[in-house]
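Undergrad:
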Amino acid sequence: DAGVTQSPTHLIKTRGQQVTLRCSPISGHKSVSWYQQVLGQGPQFIFQYYEKEERGRGNFPDRFSARQFPNYSSELNVNALLLGDSALYLCASSLASGGNEQFFGPGTRLTVL
Amino acid sequence: GQNIDQPTEMTATEGAIVQINCTYQTSGFNGLFWYQQHAGEAPTFLSYNVLDGLEEKGRFSSFLSRSKGYSYLLLKELQMKDSASYLCAVRVNTGFQKLVFGTGTRLLVSP
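Chains X and R, in that order, give the protein sequences.
When we follow my numbering, the leftmost residue of the first sequence carries the number 1, and every step to the right adds one.
When we follow my numbering, the leftmost residue of the second sequence carries the number 1001, and every step to the right adds one.
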């Protein structure tokens, strides 16, 4: 069975640009959570979606937005990129909202120059 | 607020035993997870505790004391491939469930 997939793997953008990151959860999983991991830190919660609805949002500015599609895949959008947005963006899927075990995808490494 | 503390870095020798501690002050506690993360890779699930006590899984064991806000991950018979970061994460329920991570403990296993 395929695990959580994310695209692209790596991305380089300049300040002020916009970026869209994509995530496909494990088949049958209905919940997707997004995390930002800055180098040397633990992942920080950004969003959680379950059954296509936003269930929770972390302490991130409105430049960050997300959505979940009918097939449960998800997109994370970041507008007006700042240097500080450079990080590994992780997507995790689980059967239910915040389920017992969250399976992480390989992540998208975003570099903002 | 939610606060999770774990040591930044630890070193150990191949074949030895190492214990990585984690203390937390959180509201809405609903379980504690340990993840392993190799450099540049995604975290992978190691263990889950929701009740007090020890959970054993092969070379890895995890302990939880909810009254003390304390957990540890015990790694036995260390191997070189165990060199990685170990993340302590608390699942909190604040209207919905999410994981709150510590900064991670980087473990270096030497021959």
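The C-beta atom is built at its ideal place from N, Cα and C for all residues, glycine as well.
Less than 8 Å separating the beta-carbons of phenylalanine 1101 of chain R and glycine 42 of chain X?
TA: Within the second sequence, numbered from 1, the residue matching residue 1101 of chain R stands at position 101. Within the first sequence, numbered from 1, the residue matching residue 42 of chain X stands at position 42. Taking 8 Å as the Cβ cut-off, phenylalanine 1101 of chain R and glycine 42 of chain X qualify as a contacting pair.
Undergrad: Chain X beta carbons: is any one of them nearer than 8 Å to that of glutamate 1009 of chain R?
TA: For the purposes of this step, residue 1009 of chain R is taken as residue 9 along the second sequence, with counting starting at 1. Not closer than 8 Å to any Cβ of chain X, the Cβ of glutamate 1009 of chain R fails to qualify, so no.
Undergrad: Provide the residue(s) that pair with glutamate 1055 of chain R in DSSP beta bridges, ordered along the chain.
TA: Counted from its first residue, the second sequence places residue 1055 of chain R at position 55. DSSP output for glutamate 1055 of chain R lists R:Ser1062 as bridge partner(s).
Undergrad: Quick one: grab the DSSP three-state call for leucine 1099 of chain R.
TA: Within the second sequence, the letter at position 99 stands for residue 1099 of chain R. If DSSP states are grouped into helix, strand and coil, leucine 1099 of chain R belongs with the strands.
Undergrad: Just to confirm the assignment, what range does the beta strand (DSSP E) spanning aspartate 1082 of chain R have?
TA: Within the second sequence, the letter at position 82 stands for residue 1082 of chain R. Taken as a continuous stretch (DSSP letters only), aspartate 1082 of chain R belongs to no beta strand (DSSP E), as it is neither H nor E.
Undergrad: Please name the residue, chosen from R:Gly1095, R:Ser1085 and R:Val1090, that lies closest to histidine 1038 of chain R on a Cα-to-Cα basis.
TA: To locate residue 1038 of chain R, count along the second sequence from 1; it is residue 38. When each option's Cα is compared against that of histidine 1038 of chain R, the closest is R:Ser1085.
Undergrad: Thinking C-beta only, is serine 31 of chain X closer than 8 Å to serine 93 of chain X?
TA: Taking the first residue of the first sequence as position 1, residue 93 of chain X is located at position 93. Taking the first residue of the first sequence as position 1, residue 31 of chain X is located at position 31. Yes.
Undergrad: From serine 1067 of chain R to threonine 1011 of chain R, what does the alpha carbon distance come to, in whole angstroms?
TA: By one-based count along the second sequence, residue 1067 of chain R stands at place 67. By one-based count along the second sequence, residue 1011 of chain R stands at place 11. Taking the straight line joining both Cα atoms gives about 29 Å.
Undergrad: What do you get for glycine 1001 of chain R, buried or exposed, if any count of 16 or more other CB atoms within 10 angstroms of its CB means buried?
TA: Here residue 1001 of chain R refers to the residue found at position 1 of the second sequence. By the neighbour-count rule (16 or more Cβ atoms within 10 Å), glycine 1001 of chain R is not buried but exposed.
Undergrad: Tell me whether isoleucine 966 of chain R is buried or exposed, calling it buried when 16 or more other Cβ atoms sit within 10 Å of its Cβ.
TA: Here chain R covers residues 1001 to 1111 and nothing more, so residue 966 of chain R does not appear.
Undergrad: For the beta strand (DSSP E) containing alanine 66 of chain X, list its first residue and its last residue.
TA: Along the first sequence, one-based indexing puts residue 66 of chain X at 66. Residues 64-68.
Undergrad: Please tell me whether threonine 1105 of chain R has its Cβ less than 8 Å away from any Cβ of chain X.
TA: Sequence index remark: in the second sequence, residue 1105 of chain R carries index 105 (1-based). Not an interface residue.
Undergrad: Can you tell me which residues form a DSSP beta bridge with glutamate 101 of chain X?
TA: Within the first sequence, the letter at position 101 stands for residue 101 of chain X. Answer by DSSP bridge pairing: none, since glutamate 101 of chain X is not bridged.
Undergrad: Cβ closer than 8 Å: which chain X residues qualify as neighbours of glycine 1069 of chain R?
TA: Within the second sequence, numbered from 1, the residue matching residue 1069 of chain R stands at position 69. Chain X residues near glycine 1069 of chain R: none, gap ~17 Å exceeds 8 Å.
Undergrad: Excluding the 5 residues preceding and the 5 following asparagine 1049 of chain R in the sequence, name in chain order all residues of the same chain whose CB lies nearer than 6 Å to its CB.
TA: If you number the second sequence from 1, residue 1049 of chain R lands on position 49. The residues are Leu1032, Glu1055, Ser1062 and Leu1064.
Undergrad: In three-state DSSP terms, what is leucine 11 of chain X?
TA: The residue given as residue 11 of chain X occupies position 11 in the first sequence. Correct three-state label for leucine 11 of chain X: strand.
Undergrad: Quick check on glutamate 101 of chain X - is its C-beta less than 8 Å from some C-beta in chain R?
TA: Here residue 101 of chain X corresponds to residue number 101 of the first sequence, with the count starting at 1. For glutamate 101 of chain X, the answer is yes, since a Cβ of chain R falls inside 8 Å of its Cβ.
Undergrad: Run through DSSP, which three-state label would glycine 84 of chain X get?
TA: Along the first sequence, read from residue 1 onward, the residue named residue 84 of chain X stands at position 84. Of the three classes helix, strand and coil, the one that applies to glycine 84 of chain X here is helix, per DSSP.
Undergrad: Taking 8 Å as the threshold, find out whether the segment 18-38 of chain X comes into contact with the segment 84-92 of chain X through three or more Cβ pairs.
TA: A contact exists between the segment 18-38 of chain X and the segment 84-92 of chain X.
Undergrad: Closer than 8 Å by C-beta to glutamine 102 of chain X: which residues in its own chain qualify, once you throw out the five before and the five after it? Chain order, please.
TA: Taking the first residue of the first sequence as position 1, residue 102 of chain X is located at position 102. Around glutamine 102 of chain X: Ser33, Ala92, Ser93 and Ser94.
Undergrad: Mind checking histidine 29 of chain X: buried by the 16 CB within 10 Å criterion, or exposed?
TA: Here residue 29 of chain X refers to the residue found at position 29 of the first sequence. Buried: at least 16 other Cβ atoms inside 10 Å.
Undergrad: Using 8 Å as the limit for Cβ to Cβ distance, is phenylalanine 69 of chain X near chain R?
TA: Counting from 1 along the first sequence, the entry for residue 69 of chain X is found at position 69. Closer than 8 Å: no.
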